[in-house]
Amino acid sequence: MGKKLLLLYLSLPLLVLSSCGGEASTATFNRMSKNQFVTIGSVPFEGPLLYERSQVWVGPDAELGRLVVEKIAEAIEGGDEIEGRWIGMQHATLATTLANSEVDIAMGVFGITEARKELVAFSEPYYTSQLVLVINPTHRDARPNSLDGLEVGVREGTAVEELVKQQFGGSTIVPFKNLDDAILALRRAEIGAVIDDQYMAAFALDTVPGAGHLEIVPEVVGTVDTAVAVQKKDTRLLGMINEVIARVKSEDLYSQWLQEEAEAQLAQVQERHPERLERDRQAVLPRRVVIQVSKDNNNDFDIYRMANLTFTLTDEKSGQSYDSSRIDFKGSTGSASLTLQPGSYKLMVRKMNNWSPGIVVVQPSDPERLTIKIRLQRGGQVRMTRS
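What follows is the structure in structure tokens.
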């Protein structure tokens with residue numbers, strides 16, 4: 050049966066109910082039965098894994114939460130109407146809030162850490178978050194091995210923050226309330242990089258305004274196991290949740306939910322990095338430039354005077370000059386060639402009083418071979434084309 054998972058921002062002190070000194074599992078089930086809802090502590094703004102859409106929490110973690118609520122409802126007499134109520138919180142207080150019985154369970158990209166294990170009990174992991182580096186290449190083309198001295202943004206109070214502090218001790222770790230804020234700071238070049246879950250990073254880069262030039266570096270820099278958390282004494286509830294997770298794993302449900310929500314988006318955003326590197330490579334890749342010279346029949350210039358001469362091309366930016374091979378005629382067309390990087394070059398023939406037919410522009414988008422055709426026309430006019 051399907052259960053609604055509502056987005057509610059409740060006043061947490063109102064949710065504190067005493068266990069009356071009984072077993073925590075019994076108290077928790079009694080509370081859920083009495084209230085007719087399961088309170089799920091989580092953190093919003095973690096798309097695409099868990100986020101709000103039209104006041105309903107959606108994503109793979111929301112689907113898992115729905116199955117957990119269904120399992121709980123089956124175990125409670127008259128539990129058909131029990132629903133899940135998501136309580137928006139912060140990562141730093143989530144474990145403490147659960148330990149204080151202010152919510153029934155905690156989940157939603159909730160990473161397992163040793164510090165949290167001191168406060169709550171975790172289910173079997175259901176998702177291993179692969180962490181990636183997000184960069185702003187127009188500011189700093191950073192890599193995982195070059196983060197020393199850089200400011201690296203993370204989500205505050207997360208297992209990701211803890212891992213990054215341990216693994217990248219030479220960096221200055223800058224915590225943000227949510228990933229979108231970190232991405233905006235990276236866009237403004239206020240920090241040098243961001244580290245977070247690959248799906249969440251792709252979601253942010255695809256949805257945050259002005260982040261279209263930011264990239265994911267294709268290398269996993271760390272992993273964090275995520276799980277559902279319960280109070281330490283809630284052994285019965287933990288067993289039920291583990292049964293749900295076992296089913297999710299055996300049927301590969303989480304991967305299917307990811308496929309529906311996020312795989313295409315991740316692949317699309319991941320392409321930004323190699324595409325930009327290819328553009329950069331093309332921008333400096335030398336081109337073979339063939340220069341051909343010919344004339345109209347009504348032009349009286351003796352074109353064969355150019356035989357065995359060379360073209361000189363001078364880079365307008367650097368002033369560096371490059372000479373072509375000697376001009377060789379086949380019939381009435383003379384040809385010479387040379388290799389040039391993209392740039393703007395003044396074309397001339399030095400041994401003809403520095404005669405110049407114009408400017409040659411080699412563009413990064415040009416093919417590896419480029420032909421420049423010089424046509425001497427009537428009245429001393431010159432037409433230069435490229436192909």
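Residue 50 is where the sequence shown starts when you use this note's numbering, and the numbers rise one by one after that.
The beta carbon of each residue, even a glycine, is placed where N, CA and C say it ideally should be.
Since the model is a prediction, treat every value here as computed from it, not as a measurement.
Item to check | Contacting residues, own chain, Cβ-Cβ under 8 Å from L199 (five flanking each side not counted) | outcome: Taking the first residue of the sequence shown as 1, we reach residue 199 at position 150. Cβ within range, chain order: R189, A191, S220, T221, I240, G241 and A242.
Item to check | Classification of R328 by the beta-carbon crowding that lies within 10 angstroms, buried from 16 upward | outcome: As a working mapping, residue 328 is identified with position 279 in the sequence shown. So R328 ends up on the exposed side.
Checklist entry - Of the residues L334, S386, G160 and D197, which one's Cα is nearest the Cα of D415? => result In the sequence shown, counting from the first residue as 1, residue 415 sits at position 366. Minimum Cα distance to D415 is reached at L334.
Checklist entry - The beta strand (DSSP E) with Q341 in it runs from where to where? => result Along the sequence shown, one-based indexing puts residue 341 at 292. Segment R336 to K344, the beta strand (DSSP E) holding Q341.
Checklist entry - Of all the options E417, Q412, V183 and R435, which has the alpha carbon lying nearest to the alpha carbon of I423? => result Numbered from 1 along the sequence shown, position 374 holds the residue referred to as residue 423. Checked all of E417, Q412, V183 and R435; the closest Cα to I423 is R435.
Next on the checklist: Pop quiz: V279 and V117 are said to be a contact at Cβ under 8 Å. What is the actual Cβ separation, rounded to whole angstroms?
Outcome noted: In the sequence shown, counting from the first residue as 1, residue 279 sits at position 230. In the sequence shown, counting from the first residue as 1, residue 117 sits at position 68. With 8 Å as the limit, V279 and V117 do not qualify as a contact, their Cβ atoms being about 10 Å apart.
Checklist entry - Can you list, in chain order, the residues of its chain whose CB lies under 8 Å from that of K366, leaving out five sequence neighbours each side? => result In the sequence shown, residue 366 corresponds to position 317, counting from 1. Within the same chain, K366 has close Cβ partners G392 and S393.
Item to check | 8 Å Cβ cutoff met for L315 and A231 | outcome: Numbered from its first residue, the sequence shown carries residue 315 at position 266. Numbered from its first residue, the sequence shown carries residue 231 at position 182. Not in contact: L315 and A231 (Cβ atoms no closer than 8 Å).
Item to check | Alpha carbon of M355 to alpha carbon of R418, nearest angstrom | outcome: Translated into positions along the sequence shown, residue 355 becomes position 306. Translated into positions along the sequence shown, residue 418 becomes position 369. Cα to Cα, the separation comes out at about 23 Å.
Checklist entry - In chain order, which continuous runs of the alpha helix (DSSP H) of length 4 or greater are located wholly inside the stretch 300-388? => result 302-310, 312-319 and 321-333
Item to check | Cβ pair V201, D245 closer than 8 Å | outcome: Your numbering for residue 201 matches position 152 in the sequence shown. Your numbering for residue 245 matches position 196 in the sequence shown. Not in contact: V201 and D245 (Cβ atoms no closer than 8 Å).
Next on the checklist: Just to confirm before moving on: does the CB-CB distance between E268 and I184 stay below 8 Å?
Outcome noted: Within the sequence shown, residue 268 is the residue found at index 219, counting from 1. Within the sequence shown, residue 184 is the residue found at index 135, counting from 1. No. Outside cutoff.
Checklist entry - Quick one: is L212 buried, meaning 16 or more other Cβ sit within 10 Å of its Cβ, or exposed? => result Stepping through the sequence shown from its first residue, residue 212 is reached at position 163. With 16 or more Cβ atoms within 10 Å of its Cβ, L212 is classed as buried.
Next on the checklist: Pairs of beta-carbons, one from the stretch 301-319 and one from the stretch 123-136, closer than 8 Å: are there three or more?
Outcome noted: no
Checklist entry - For F378, which residues from the same chain have a beta carbon less than 6 Å from its beta carbon, with the 5 sequence-adjacent residues on both sides left out? => result Within the sequence shown, numbered from 1, the residue matching residue 378 stands at position 329. Result list for F378: A356, in chain order.
Next on the checklist: Mapping the DSSP letters down to three states, classify F171 as helix, strand or coil.
Outcome noted: Stepping through the sequence shown from its first residue, residue 171 is reached at position 122. If DSSP states are grouped into helix, strand and coil, F171 belongs with the strands.
Checklist entry - Where DSSP assigns a beta bridge to I423, which residues make up the other side? => result By 1-based counting over the sequence shown, the position of residue 423 is 374. Answer is V342 and M433.
Checklist entry - How about L21 and I376: are their beta carbons less than 8 Å apart? => result Given a span of 50 to 436 for the chain in the structure shown, any question on residue 21 remains unanswerable.
Checklist entry - Is it the case that the Cβ atoms of A124 and L143 are separated by a distance below 8 Å? => result As a position in the sequence shown, residue 124 is number 75, starting the count at 1. As a position in the sequence shown, residue 143 is number 94, starting the count at 1. No, these two residues do not count as a Cβ contact at 8 Å.
Item to check | 8 Å Cβ shell around R427 - same chain, five flanking residues per side excluded | outcome: Residue numbering aside, residue 427 sits at position 378 when the sequence shown is read from its first letter. Closer than 8 Å at the Cβ level, and outside the excluded window around R427, lie D345, N347 and N348.
Item to check | Beta-carbon separation (whole angstroms), Y100 vs P109, contact threshold 8 Å | outcome: Counted from its first residue, the sequence shown places residue 100 at position 51. Counted from its first residue, the sequence shown places residue 109 at position 60. About 11 Å separates the two Cβ atoms, so there is no contact after all.
Next on the checklist: Less than 8 Å between the beta carbons of A148 and L180, yes or no?
Outcome noted: Here the question's residue 148 lines up with position 99 in the sequence shown. Here the question's residue 180 lines up with position 131 in the sequence shown. In this structure, L180 does not lie closer than 8 Å to A148 by Cβ.
Checklist entry - With respect to the alpha helix (DSSP H) encompassing T146, which residues constitute its N-terminal and C-terminal limits? => result In the sequence shown, residue 146 corresponds to position 97, counting from 1. Run containing T146: H140 to A148, per the alpha helix (DSSP H) assignment.
Checklist entry - Got a sec, what are the start and stop residues for the beta strand (DSSP E) A242 sits in? => result Indexing the sequence shown from 1 puts residue 242 at position 193. A242 to D246 is the span of the beta strand (DSSP E), which, as asked, contains A242.
Next on the checklist: Can you tell me where the alpha helix (DSSP H) holding D190 begins and where it ends?
Outcome noted: Taking the first residue of the sequence shown as position 1, residue 190 is located at position 141. That residue, D190, is in no alpha helix (DSSP H); it is neither H nor E in DSSP.
Next on the checklist: Closest to S384 by C-alpha separation, out of G368, I352 and E173, would be which residue?
Outcome noted: Your numbering for residue 384 matches position 335 in the sequence shown. Looking at the Cα atoms, I352 is the closest of the given residues.
Item to check | alpha helix (DSSP H) segment containing D229, residue limits | outcome: Mapped onto the sequence shown, residue 229 falls at position 180. It spans L228 to R236 - the alpha helix (DSSP H) in which D229 sits, taken as one unbroken run.
Item to check | Assigned secondary structure, K281 (DSSP; H/G/I helix, E/B strand, else coil) | outcome: Locating residue 281 in the sequence shown gives position 232, where the first residue counts as 1. Three-state DSSP puts K281 in coil, outside helix and strand.
Item to check | A141 vs G206 beta-carbon contact at 8 Å | outcome: Looking up residue 141 in the sequence shown gives position 92. Looking up residue 206 in the sequence shown gives position 157. Against a cut-off of 8 Å, the Cβ pair of G206 and A141 comes out as a contact.
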